[in-house]
Structures are given as structure tokens and as C-alpha cells.
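See below for the structure under consideration.
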Amino acid sequence: MMRTRRHALGQNFLHHKPTIEKIARLVAEELDEAPTKPRSLVEIGPGKLALTAELLPLAEARGLPVHLVERDRYLEGGINEGAPSASLHFMDAATDKFTDFLDDLRARSQAPIFVASNLPYSAASQILANLCHRSKDLAGVVVMVQKEMARRMAAPPGGGDRGSLSLLIQSYFKVEAAFDVGPGAFTPPPKVMSTVLKLTPLEKPLTEGLSDPLKFEHFCKMLFSQRRKMIRKLISPEKHQLFPKLGINGTERPETLKLETVLELFRGSSEEGN
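Per the numbering used here: the sequence shown = residues 5 to 278.
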């Protein structure tokens with residue numbers, strides 16, 4: 005029953021002790037090196053507490069309260085019994101309720117938050133988007149995602165992995181791959197490799213100053229929904245006058261453009277004014 009239920013929720017339990025310890029060491033390093041010291045640690049999806057058990061003592065040693073965000077009440081008894089010192093919050097981290105929670109926690113602690121998670125595969129994109137929208141509330145993030153997603157998050161201009169997710173994440177975070185994790189580290193084992201990432205919030209998000217950053221996200225999705233088209237086919241003709249100023253001629257495809265160029269295209273387009 006547990007296997008079926010958690011599979012439906014898109015979660016794979018991490019059980020490989022050396023991997024768990026390696027993630028915890030990375031979290032400890034990032035906590036200690038954060039330019040602005042966090043005052044709380046949030047774990048998304050504690051599951052069977054494999055990672056939580058390593059995070060609790062390192063958080064306690066640094067005087068950080070631990071908040072566990074879990075959406076499956078089926079796990080409530082085990083979490084309360086195994087992590088009595090942590091605060092348990094039942095919510096879906098892929099929803100606005102989670103961003104509201106981060107807002108409240110940031111206001112109460114008067115200091116940024118550190119986030120760690122083995123992200124559920126099925127909800128990773130939206131959870132990451134929520135973290136982007138609250139990047140100013142964060143001191144740092146360590147997450148594990150599918151390796152394919154990690155490549156897309158970190159992809160530079162010019163490659164096939166470059167997409168709207170690349171632009172979204174890189175608008176708010178510096179993305180660094182720490183190490184890969186094989187399927188055997190999980191129960192049930194996924195069919196793909198995973199990657200642990202370090203996400204360091206940019207001091208100034210690249211979307212700062214936009215009237216509506218969500219419109220920029222929609223603009224990026226529009227570009228990459230037709231990624232084989234040239235930019236001049238995707239941008240309205242009256243805006244082609246922007247191309248020379250941006251050092252492009254309109255024959256480029258979306259994945260070849262630098263993030264800063266896409267931002268300037270957006271700022272100069274009707275999207276920003278609508």
C-alpha cells in the first residue's frame with residue numbers, strides 16, 4: 005500500500021545512507037557559507053525521515069528550528085514520532101499555500117530561510133517556481149531532482165537542454181550541480197538518474213524592476229513552445245527594431261539567446277506593458 009500511495013504522489017524514498025550523509029554535509033557547508041545567515045531550515049517532503057534524521061542535529065548545532073512540509077497525512081504518525089523537535093506543516097509545496105508559509109516564516113524569523121529537499125518528481129517544476137518567486141526570502145537551497153531536469157535548470161545558451169525552465173531558475177538563482185545519485189539509492193528505484201543541486205539566490209533577481217515577473221515567465225514559455233522557429237517569427241514585426249540594439253538579427257532560435265537578451269526582448273515588447 006505504501007509503495008503504491010507514494011508512487012502516486014510522485015515520491016521515491018531515499019534510503020542509501022552514504023548519499024544521505026553526503027547531502028547533509030552539503031547542506032551544512034551551505035548553511036555555514038551563506039552570505040546572510042538563515043534562521044530556519046525547511047525540508048520539503050520528509051517522507052520516512054531518512055534525510056530529516058541527518059538534518060535535525062546539524063540544524064540544532066546551529067540553533068535553527070526545523071520545519072517539515074509534507075502533503076501526505078498518511079505519514080503524520082511516523083513523522084511526529086521520529087522528529088518530535090521539528091514543526092510539521094501539512095500542505096502541498098506546489099501551491100500558493102507554500103509561498104504564503106514562506107512569507108509568514110520569513111516575517112516571523114526576520115531572517116532568510118534555508119530549504120533542503122528530495123523533490124517529488126511529479127511536482128518539482130512548480131515547487132521550484134514557488135522557490136523562485138520567494139528567492140529573496142531564501143539564504144540557499146539544496147535539492148535533488150531528476151538529472152534531466154537538473155541539466156535543463158543549469159543549461160547555458162546554445163544547447164538542446166535550454167528552455168523556459170532554464171530562464172526561470174537562472175533569473176533568480178546561481179545553479180550548481182553537486183553530484184549525481186543512482187536509482188539504487190531510492191525505494192522504489194526510479195528509472196532515471198538524479199542530481200543534487202545547489203541553488204544560491206542572486207543578490208538581485210534579474211526580473212527585478214519588471215511590473216509583473218509572471219508575464220516574463222509566460223513570455224519565455226511562449227518562446228520555447230515553438231523553439232524551432234526563428235525569433236523574428238515569434239516576436240511581433242513592430243518590435244523587430246529591437247534586434248540591432250540587442251546584437252541579434254532575428255534568425256536566432258530561442259535556445260541560443262542569453263537570458264539578458266530575452267529579458268530585454270520582453271521589456272521592449274508589448275508583453276511588459278499589458
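Idealized CB from N, CA, C, for every residue including glycine. This one's a predicted model, so the numbers in the text were calculated from it and none came from an experiment.
- Query: Looking at I173 and C136, is the spacing between their C-beta atoms short of 8 Å?
  - Reply: On the sequence shown, residue 136 is found 132 positions in, with the first residue counted as 1. On the sequence shown, residue 173 is found 169 positions in, with the first residue counted as 1. Taking 8 Å as the Cβ cut-off, C136 and I173 qualify as a contacting pair.
- Query: Between which two residues does the beta strand (DSSP E) carrying A280 extend?
  - Reply: Outside the shown range of the chain, which is 5 to 278, sits residue 280, and nothing can be said about it.
- Query: Alpha carbon to alpha carbon, how far is L18 from M95?
  - Reply: Here the question's residue 18 lines up with position 14 in the sequence shown. Here the question's residue 95 lines up with position 91 in the sequence shown. Whole-angstrom Cα-Cα distance: 21 Å.
- When the Cα of P42 is compared with those of G164, E212, G144, which residue comes out closest? Indexing the sequence shown from 1 puts residue 42 at position 38. That would be G144, whose Cα lies nearest to the Cα of P42.
- Item | C-alpha gap between M5 and P187, whole angstroms | Here the question's residue 5 lines up with position 1 in the sequence shown. Here the question's residue 187 lines up with position 183 in the sequence shown. Below a pLDDT of 50, predicted positions are generally treated as unreliable, and M5, at 37, falls in that range; the measurement from the model is reported next regardless. C-alpha separation (whole angstroms): 21 Å.
- Item | Terminal residues of the beta strand (DSSP E) in which I48 lies | Position 44 of the sequence shown, counted from the start, is the residue given in the question as residue 48. In this chain, the beta strand (DSSP E) harbouring I48 covers 44-48.
- Task: With DSSP collapsed to three states, give me the class of V145.
- Result: As a first step, residue 145 is located in the sequence shown; it is residue number 141 there, counting from the start. Of the three classes helix, strand and coil, the one that applies to V145 here is strand, per DSSP.
- Task: Grab me the residues of V147's own chain with a C-beta within less than 6 Å of its C-beta, minus the 5 sequence neighbours each way, in chain order.
- Result: For the purposes of this step, residue 147 is taken as residue 143 along the sequence shown, with counting starting at 1. Counting only Cβ-Cβ distances below 6 Å, and skipping sequence neighbours, we find S121, L123, L201.
- Message: Would you call the segment 212-232 in contact with the segment 167-184, where contact means no fewer than 3 C-beta pairs closer than 8 Å?
- Response: The segment 212-232 vs the segment 167-184: in contact.
- Query: For H244, which residues of its own chain have a beta-carbon under 8 Å away from its beta-carbon, when the five flanking residues on both sides are left out?
  - Reply: Translated into the one-based positions of the sequence shown, residue 244 becomes position 240. For H244, same chain residues with a beta-carbon under 8 Å away, outside a window of 5 residues either side, are R236, G254 in chain order.
- Message: Would L53 and A87 be called neighbours here (beta carbons separated by less than 8 Å)?
- Response: On the sequence shown, position 49 is the one that residue 53 refers to. On the sequence shown, position 83 is the one that residue 87 refers to. Yes, they are a contact pair.
- C-alpha distance - T265 paired with F177, whole-angstrom precision: The count along the sequence shown starts at 1 and reaches residue 265 at position 261. The count along the sequence shown starts at 1 and reaches residue 177 at position 173. Straight across, the Cα-Cα distance linking T265 with F177 is about 17 Å.
- Under the DSSP definition of a beta bridge, which residues are partnered with K178? For the purposes of this step, residue 178 is taken as the residue at position 174 of the sequence shown. The secondary-structure analysis by DSSP pairs K178 across a beta bridge with T204.
- Item | Inter-residue spacing [alpha-carbon to alpha-carbon] between L30 and R138 | Within the sequence shown, numbered from 1, the residue matching residue 30 stands at position 26. Within the sequence shown, numbered from 1, the residue matching residue 138 stands at position 134. If you draw a straight line from the Cα of L30 to the Cα of R138, it comes to about 22 Å.
- Residue ranges of each beta strand (DSSP E) run of no fewer than 3 residues wholly in the segment 237-265, ordered along the chain? You should have found no qualifying run.
- Go ahead and pull the three-state DSSP assignment for I27. What you label residue 27 is simply residue 23 of the sequence shown in a count that begins at 1. Correct three-state label for I27: helix.
- Counting along the chain, where does the beta strand (DSSP E) carrying S89 start and finish? Taking the sequence shown and counting its residues from 1, the one referred to as residue 89 is at position 85. No beta strand (DSSP E) holds S89; DSSP gives it neither H nor E.
- Task: Return the CA-CA distance between E207 and F220, expressed in angstroms with no decimal places.
- Result: For the purposes of this step, residue 207 is taken as residue 203 along the sequence shown, with counting starting at 1. For the purposes of this step, residue 220 is taken as residue 216 along the sequence shown, with counting starting at 1. About 19 Å.
- Message: Please return the same chain residues whose Cβ sits closer than 6 Å to the Cβ of R155, not counting the five positions on each side in sequence.
- Response: Locating residue 155 in the sequence shown gives position 151, counting from the first residue. Within the same chain, R155 has close Cβ partners D165.
- Could you check what DSSP says for Q150 in three-state terms: helix, strand or coil? As a first step, residue 150 is located in the sequence shown; it is residue number 146 there, counting from the start. Reduced to three states, the DSSP call for Q150 is strand.
- Message: How far does the alpha helix (DSSP H) with L72 in it extend, from its first residue to its last?
- Response: Working through the sequence shown from its first residue, we reach residue 72 at position 68. No alpha helix (DSSP H) contains L72, which is instead part of the beta strand (DSSP E) from 70-74.
- Quick one: what's S198 bridged to in DSSP? Mapped onto the sequence shown, residue 198 falls at position 194. The partner list for S198 (beta bridge, DSSP) reads Q150, V185.
- Task: Could you give the DSSP three-state label for L269: helix, strand or coil?
- Result: In the sequence shown, counting from the first residue as 1, residue 269 sits at position 265. In this structure, L269 counts as helix in the three-state DSSP scheme.
- Item | L68 vs S44 beta-carbon contact at 8 Å | Numbered from 1 along the sequence shown, position 64 holds the residue referred to as residue 68. Numbered from 1 along the sequence shown, position 40 holds the residue referred to as residue 44. Note that the C-beta distance between L68 and S44 is below 8 Å.
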